[in-house]
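In numbering that gives the first Met the number 0, the protein residues as written are 0 to 391. Ideal Cβ positions, reconstructed from N, Cα and C, are used throughout, including at glycine. This report refers to the structure that appears directly beneath it.
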Amino acid sequence: MDFRKFDGVVGGVEQGVIQITKYAAAKGHRVVLLCKSNRLAEAKRIFESDPNVATRPLPVRSHAMSLKNAWLDSVTIQKIAEQEGAEVVHFPYNWSFPFRKKAPCVLTIHDVIPFTFREAMGFFRNHLLYKSGTRLACRLNDVVTTVSEFSKHEIVEKVGVPAEKVRVVPNGLRRPTTPSAATEKSLEERFQLSSGSTDGFLLNVGGIHERKNIGRLISAFSRLVRQEGYAGKLLITGNYSNNPYLRKMKKRCDAAVRKTGMEERVIFTGFISDEELDTLLRRAKFLVYPSPCEGFGLPVIEAMQVGTPVVTSKFTGTAEVAGDAAVLVDPYSTDEIAAGMSRLLREPELRAELSRRGRERAKQYSWEKTAEKYFEIYDECKRSFKEEAGDG
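Right, here's the structure in full:
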């Protein structure tokens, strides 16, 4: 199991690796976890209670697509697989280049958003490295998995992978943290949230990348304030560090706020912890997540899990995840985003119904189900690999 993506922070990709690995170890399988040399100690701590998990360091400091990582995929990792008698190698983060396979290789591509939104990538890196590299990675691996039917369609249509090679395995869902009065009080003070107000606040989760559609969201929110008299705030979570791309996106967001006169009503929270996120999700009037390009949209089911209604896009993986448990809008229409938000504000019965449906919908997602599906794919890969080798 490739864990090179891990840089000390457990995000969605890392959580998937951890949960699948722990599931495999609990079922009696031995898992060899491959991570950056400088993250070896941290990786060992994560799995210290799992005797069936062994960690091995790789001499690399970045998981980015590069010649060094391609060499590791094709030579170093394959040598480890041969030494360990590995039955499957799983590359869970978007690309790998196993030119000389010693075991069947599974590649997980979470989305191909850079085929639509270049975002932080330069033109040449996007076209010459990312796009061509993704196509090559899909050819070299035995099976490509992805998180939604939407992403599968994108991979087939934009990357050119045969549909029968792509399998859909939805993400799992972490359990929400236990509410804390201290955390709630701290958030109220930091963001000046009124605990007694019936207006509450609206929440957007996921950062300020171009595809997150923050400009249209702010414009739609300003209409809600001016035309509907909404007195609450809009909180937008996500890190906006000194990365040049994020600085550029933050300037655009700030300009949108100034243009609409929402300086006192729109709050960019910066990075928040899982506990803080869960508290905000529980407290929010609803989550609004109008991204026009999203492979899965984990915040949608995280909100549903705690009973928070959702407004999200009708065109991407979020609609697939939400089913009939959310208000779906055209993310390219400020009018539709505003109308969807207005409807939830004006109809408490709808909020209650979506809260109920959302909780039921969220029960469909678990890391155990995700891991079980992967093991079906692993078994299929092992059989096919043996047949191709003439052993079965």
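Query raised in the report: Relative to the C-alpha of Ala53, which residue among His28, Phe267, Leu353 is closest?
Result: Residue His28 holds the alpha-carbon nearest to the alpha-carbon of Ala53 among His28, Phe267, Leu353.
Requested in this report: Just the C-alpha distance for Glu275 and Arg345, rounded to the nearest angstrom, thanks.
Outcome: Distance from the CA atom of Glu275 to the CA atom of Arg345, rounded to whole angstroms, is 27 Å.
Query raised in the report: Around the Cβ of Val8, are there at least 16 other Cβ atoms within 10 angstroms (buried) or fewer (exposed)?
Result: Under this definition Val8 is an exposed residue.
Query - Distance between Ser341 and Arg44 (C-alpha atoms, nearest Å) - result: It is roughly 47 Å from the alpha-carbon of Arg44 to the alpha-carbon of Ser341.
Report task. Report yes if the C-beta distance between Asp141 and Val105 is below 8 Å; otherwise report no. Result -> If you check the CB distance, Asp141 and Val105 come in under 8 Å.
Query raised in the report: Would you call the CB atoms of Thr278 and Val299 closer than 8 Å?
Result: Their beta carbons are not under 8 Å apart, which means Thr278 does not touch Val299 by this criterion.
Query raised in the report: Which residues bound the beta strand (DSSP E) around Ser312?
Result: 309 to 312 is the span of the beta strand (DSSP E), which, as asked, contains Ser312.
Requested in this report: Please report how far the alpha carbon of Pro291 lies from the alpha carbon of Pro50, in whole angstroms.
Outcome: When rounded, the distance between both Cα atoms is 43 Å.
Report task. Using a threshold of 8 Å, state whether the C-beta atoms of Val224 and Val158 are closer than that. Result -> Cβ distance not < 8 Å, so Val224 and Val158 don't count as in contact.
Query raised in the report: To which residues of the same chain is Thr311 closer than 6 Å at the C-beta, ignoring the five residues directly before and after it?
Result: Cβ within range, chain order: Tyr288, Val299, Thr317, Ala321, Ala325.
Query raised in the report: Tyr288 by DSSP, collapsed to three states: which one?
Result: Note: Tyr288 maps to strand in three-state DSSP.
Requested in this report: Check whether the segment 259 to 273 touches the segment 130 to 147, taking contact to mean three or more Cβ pairs, one atom from each stretch, closer than 8 Å.
Outcome: Under the three-pair Cβ rule at 8 Å, the segment 259 to 273 does not count as touching the segment 130 to 147.
Report task. Could you please give the first and the last residue of the uninterrupted alpha helix (DSSP H) stretch that includes Ile266? Result -> Judged by DSSP secondary structure, Ile266 falls outside any alpha helix (DSSP H) and instead within the beta strand (DSSP E) spanning 265 to 269.
**Report entry** alpha helix (DSSP H) runs wholly inside the segment 49 to 105, at least 4 long, in chain order
**Finding:** 66 to 70, 76 to 83, all fully within the segment 49 to 105.
Query raised in the report: In this structure, does DSSP put Arg246 in helix, strand or coil?
Result: It is helical.
Report task. Report the option in Tyr377, Ile213, Gln18, Leu172 whose CA atom is closest to the CA atom of Gly296. Result -> The shortest C-alpha separation from Gly296 is found at Leu172.
Requested in this report: Can you have a look at Leu201 and say buried or exposed, based on whether 16 or more other CB atoms are within 10 angstroms of its CB?
Outcome: Per the 10 Å Cβ criterion, buried.
Query raised in the report: Using DSSP with H/G/I as helix, E/B as strand and the rest coil, what is Asn125?
Result: Correct three-state label for Asn125: helix.
Report task. Could you tell me which residues DSSP pairs with Phe200 in its beta bridges? Result -> Per DSSP, Lys232.
Query raised in the report: If Arg99 and Val74 are in contact, beta carbons under 8 Å, what's the gap, nearest whole angstrom?
Result: Between Arg99 and Val74, the beta carbon gap of about 7 Å places them in contact (Cβ cut-off 8 Å).
Query - Extent of the continuous alpha helix (DSSP H) run through Leu172 - result: Bounds of any alpha helix (DSSP H) do not take in Leu172, whose DSSP letter is neither H nor E.
**Report entry** For Thr145, the first and last residue of its enclosing alpha helix (DSSP H)
**Finding:** Unbroken run through Thr145 is the beta strand (DSSP E), 142 to 145; no alpha helix (DSSP H).
Report task. Compare the C-alpha of Phe384 against each of Thr236, Trp366, Ala102 and name the closest. Result -> Measuring from the Cα of Phe384, the nearest candidate turns out to be Ala102.
**Report entry** Span separating the alpha-carbon of Leu192 from that of Arg264
**Finding:** C-alpha separation (whole angstroms): 11 Å.
Requested in this report: Answer yes or no: do Gly206 and Asn238 have a C-beta to C-beta separation smaller than 8 Å?
Outcome: Yes. Within cutoff.
Requested in this report: Apply the 10 Å Cβ neighbour rule to Thr133 and answer buried if 16 or more other Cβ atoms are within range, or exposed otherwise.
Outcome: Buried is the label assigned to Thr133, since at least 16 other Cβ atoms lie within 10 Å of its Cβ.
Requested in this report: Check whether the Cβ atoms of Gln304 and Arg350 lie closer than 8 Å to each other.
Outcome: In this structure, Arg350 does not lie closer than 8 Å to Gln304 by Cβ.
Query - Val30 vs Ile79 beta-carbon contact at 8 Å - result: No, these two residues do not count as a Cβ contact at 8 Å.
Query raised in the report: If we ignore side chains and look at the alpha-carbon of each, how far apart do Lys250 and Glu118 end up?
Result: The straight-line gap from Cα to Cα measures roughly 15 Å.
Requested in this report: Report the option in Leu66, Ser36, Lys21 whose CA atom is closest to the CA atom of Phe46.
Outcome: Comparing Cα positions, the closest option is Lys21.
Query raised in the report: Where does Val31 fall in DSSP's three states?
Result: Looking at Val31 - three-state DSSP - the assignment turns out to be strand.
Query raised in the report: Quick one: is Gly391 buried, meaning 16 or more other Cβ sit within 10 Å of its Cβ, or exposed?
Result: Model confidence at Gly391 stands at a pLDDT of 47, short of 50, so the residue's coordinates are unreliable and nothing is read from them.
Requested in this report: State the DSSP-derived secondary structure class of Gly391, mapped to helix, strand or coil.
Outcome: At Gly391, the pLDDT of 47 sits below 50, so the modelled position is not reliable and the matter cannot be decided from this model.
Query raised in the report: Straight-line CA distance for Ser354 to Thr307?
Result: When the Cα atoms are used, Ser354 and Thr307 turn out to be separated by approximately 6 Å.
Report task. Quick one: using the 10 Å Cβ neighbour count with 16 as the cut-off for buried, is Lys362 buried or exposed? Result -> Result: exposed.
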